[in-house]
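These notes concern the structure reproduced below.
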Amino acid sequence: MVIYLKKLSVLVFDFWPNWFSAEPLLRQTTIMATVAPVNPKPFLQELTGKPVFVRLKWGLEYKGYLVSTDSYMNLQLANTEEFEDGKSNGALGEVFIRCNNVLYIREAPADT
929 MVIYLKKLSV LVFDFWPNWF SAEPLLRQTT IMATVAPVNP KPFLQELTGK PVFVRLKWGL
989 EYKGYLVSTD SYMNLQLANT EEFEDGKSNG ALGEVFIRCN NVLYIREAPA DT
């Protein structure tokens, strides 16, 4: 059995290092949470023809219809719109995204 762990960053109130202080320190810590594993190739095949959101490592996000993927998991999108900081930068049409730029891909609701 394989269990994947995902790091979550949370803020924690702490009284360390001064145990006698009345004011707690605010510190950031990382906790681990379990995540169900997903095989990426069948996942991408299921998304083909559906509207998707693709977020790049650099913060840009693209919404479009997933036309195809290849063996490297490069993505081809149609009717694509680019978003930066949640604001639309306009329609781009057909887009090819190289796999090493992708942070995540998720299915988009059909009506958005």
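If you read the sequence shown in this note's numbering, its first letter stands for residue 929, the second for the next number, and so on. Every residue, glycine too, gets a C-beta built ideally from N, C-alpha and C. As the structure is a computational prediction, the values presented were derived from the model and not from experiment.
**Item:** Proximity of N1017 and F1011 at Cβ, strictly below 9 Å
**Value:** Contact flag set, yes.
**Assumed close pair E982, Y990 - CB separation to whole angstroms, cut-off 8 Å** = The amino acid occupying residue 982 in the given sequence is Val; Glu does not appear at that position. Indeed, because the Cβ distance is near 5 Å, the residues count as touching under 8 Å.
**Message:** Within a Cβ cutoff of 8 Å, which residues of the same chain sit near P1037, ignoring the five residues on either side of it in sequence?
**Reply:** Spatial neighbours of P1037 in its own chain (CB-CB distance under 8 Å, excluding positions within 5 residues in sequence) are listed in chain order as P979.
**Secondary structure of K991, DSSP reduced to three states** = In the structure shown, K991 sits in a strand (DSSP, three-state: E or B).
**Request:** Go through its chain and collect everything with a Cβ distance to V995's Cβ below 7 Å, but skip five positions before and after it.
**Result:** Non-local beta-carbon contacts of V995 in its own chain, meaning distances under 7 Å to residues more than five positions away in sequence, involve Q1004, L1005, A1006 in chain order.
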